[in-house]
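What follows is a short report on a single structure.
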Amino acid sequence: MTVYQATASAPVNIACIKYWGKRDTKLILPTNSSLSVTLDQDHLRSTTTSRADPSFQKDRLWLNGVEEEIKDGGRLATCIKEMKALRKQLEEKDSSLPKISGFPVHISSRNNFPTAAGLASSASGFAALVASLSALYQLSTDASQLSLIARQGSGSACRSLFGGFVAWQMGERADGADSYAVEIAPREHWPDIHALICVVNDEKKGTSSTSGMQRTVETSPLLQHRIKHVVPERMAAISKAILARDFDTFARITMQDSNQFHAVALDTDPPIFYMNDVSRAIIALIVEYNRVAVANGGKLKAAYTYDAGPNAVIYAPKENIKEIVELIVKYFPQADKFKDPFELFGAAGVQGKVVEGFNEGVAKPYGVGAVKGLIHTRVGDGPRTLGAEEALLGSDGLPLKA
Ligand code: DP6
Numbered sequence: 313m314t315v316y317q318a319t320a321s322a323p324v325n326i327a328c329i330k331y332w333g334k335r336d337t338k339l340i341l342p343t344n345s346s347l348s349v350t351l352d353q354d355h356l357r358s359t360t361t362s363r364a365d366p367s368f369q370k371d372r373l374w375l376n377g378v379e380e381e382i383k384d385g386g387r388l389a390t391c392i393k394e395m396k397a398l399r400k401q402l403e404e405k406d407s408s409l410p411k412i413s414g415f416p417v418h419i420s421s422r423n424n425f426p427t428a429a430g431l432a433s434s435a436s437g438f439a440a441l442v443a444s445l446s447a448l449y450q451l452s453t454d455a456s457q458l459s460l461i462a463r464q465g466s467g468s469a470c471r472s473l474f475g476g477f478v479a480w481q482m483g484e485r486a487d488g489a490d491s492y493a494v495e496i497a498p499r500e501h502w503p504d505i506h507a508l509i510c511v512v513n514d515e516k517k518g519t520s521s522t523s524g525m526q527r528t529v530e531t532s533p534l535l536q537h538r539i540k541h542v543v544p545e546r547m548a549a550i551s552k553a554i555l556a557r558d559f560d561t562f563a564r565i566t567m568q569d570s571n572q573f574h575a576v577a578l579d580t581d582p583p584i585f586y587m588n589d590v591s592r593a594i595i596a597l598i599v600e601y602n603r604v605a606v607a608n609g610g611k612l613k614a615a616y617t618y619d620a621g622p623n624a625v626i627y628a629p630k631e632n633i634k635e636i637v638e639l640i641v642k643y644f645p646q647a648d649k650f651k652d653p654f655e656l657f658g659a660a661g662v663q664g665k666v667v668e669g670f671n672e673g674v675a676k677p678y679g680v681g682a683v684k685g686l687i688h689t690r691v692g693d694g695p696r697t698l699g700a701e702e703a704l705l706g707s708d709g710l711p712l713k714a
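This is how it looks when you write it as structure tokens:
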């Protein structure tokens, strides 16, 4: 008997121009366009296996081995339904195709990074779900079309259907048909963009993106200014900077937009705080690091950005990452040895030091554990279809043990 099964992986993306606000909460249509860098799946990814089988009782999904409820009319159910509909269209056009669109599916998904790290997994998760169903159903649908469906799982997920530098065009239509992701440039255009993720210790449970952004839409006057007068210009300027490989402009806009996103969070009633003291100390370090570079006649060397939580993502050309790791470790000593995937450090390892001329008074040093991990990665490619040896479902159609 034929087994209808496919496995795919998808990347994480971190926005430079932030998506924050919906004009339609069911279809997930944003109040502004956004733009992100896709990170390398060699380091951070979600992997998903989907199987269609007439003997299954119903659609089921497991995340890291734990079954998640697929609620009627919910985001997961919508994505699965839309993908089945695309398959059905194919089957109707070509009667020789096996009619698998009517079969229930089992879906098993895993992240290769700990959920506890506080890294957004919904973007890579929904992108991997859509990519694996697309492979299962042998759709020839292009990535922008698939992004329309991933968008309905989680807005930011639509940008994980592409590698490199990706824009989510907000669109205007009420049905959302023009609200999808497009590639601004592939990773090969600017492979020198690296990222250092600083995983900041956070005990309390923050406000979710979904509910936080809705409250901002309802109460923040600053958001209206941002939507109308700030984001359109920034989208054009940062796209141009990416095409010109102009890091200085890219960095300036990325930091400004992170700041404004956190400003509209603060402008929300009641206010929302995503950054903490450690997040702000990292900002101070990057600002001073850039100040020294500019004082020496150079340009900006790094850009920070923060999503709906305290973790910092620092974008920089590869040649600067070593100095940045030294800088962060000086103020935030690490319990674990720096995992050095690009082999920047020799046997001596990371010392913890600042560049010449750096004003050490801009932040106070913290103890071990304030920044509980550092992940060095870079711009990466889009979803990958994987072989059967990577499958996450056993022959019984249930998730394999990790
Ligand atoms: C701050 O995509 O998680 O990371 O559409 O409600 O699922 P939903 O929200 P989500 O929001 C991401 C917000 C952000 C900025 C960004 O990624 O652009």
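All letters in the sequence shown, in the order written, are residues 313 to 714 by the numbering used here.
Built from N, CA and C at the ideal position, the CB exists for glycine as well.
Applying the 10 Å Cβ sphere with the 16-neighbour rule, what's the burial state of residue i?
i: His537; result: exposed
i: Asp619; result: buried
i: Gly621; result: buried
i: Val324; result: buried
i: Asn424; result: exposed
i: Phe438; result: buried
i: Pro342; result: buried
i: Lys383; result: exposed
i: Thr390; result: buried
i: Ser434; result: buried
Within the same chain, show all residues whose beta-carbon is closer than 8 Å to that of residue i, passing over the 5 residues directly before and after it, in chain order.
i: Gln568; result: Arg546
i: Leu612; result: Phe559, Asp560, Ala563, Arg564, Asn602, Ala605, Val606
i: Ala700; result: Gln317, Thr319
Tell me which same chain residues have a C-beta within less than 6 Å of the C-beta of residue i, skipping the five on either side of it?
i: Thr531; result: Thr580, Asp581
i: Leu339; result: Gly488
i: Thr617; result: Thr566, Ser570, Val625
i: Trp374; result: Ser420, Pro711
i: Lys684; result: Val511, Asn513
Is residue j closer than 8 Å to residue i when the C-beta atoms are compared?
i: Thr561; j: Ala553; result: yes
i: Thr359; j: Ser421; result: yes
i: Ser362; j: Leu458; result: no
i: Ala507; j: Ile326; result: yes
i: Tyr586; j: Gly476; result: no
i: Pro695; j: Ser348; result: no
i: Phe644; j: Tyr678; result: yes
i: Ala493; j: Leu473; result: yes
i: Glu394; j: Gln464; result: yes
i: Glu258; j: Lys396; result: Absent from the model: residue 258. The displayed extent of the chain is 313 to 714, so no value can be given.
What whole-angstrom Cβ distance do residue i and residue j have, given they're in contact under 8 Å?
i: Val590; j: Val512; result: 5 Å
i: Leu351; j: Thr689; result: 5 Å
i: Glu638; j: Lys665; result: 5 Å
i: Leu535; j: Val542; result: Not confirmed; about 10 Å, so no contact.
i: Gly692; j: Arg499; result: 6 Å
i: Met525; j: Gly681; result: Actually they do not touch by this definition, with Cβ atoms about 30 Å apart.
Sort out for me which residues DSSP pairs residue i with in a bridge.
i: Tyr627; result: Ala507, Ala615
i: Ile329; result: Leu347
i: Gln317; result: Arg363
i: Leu698; result: Thr319
i: Ala479; result: Leu347, Val494
i: Thr689; result: Ala507
i: Ile382; result: According to DSSP, which records beta bridges pairwise, Ile382 is partnered with nothing at all.
i: Lys334; result: Pro342
i: Trp502; result: In the DSSP output, where bridge partners are listed per residue, Trp502 has none listed.
i: Asn423; result: Ser358
i: Pro711; result: Leu705
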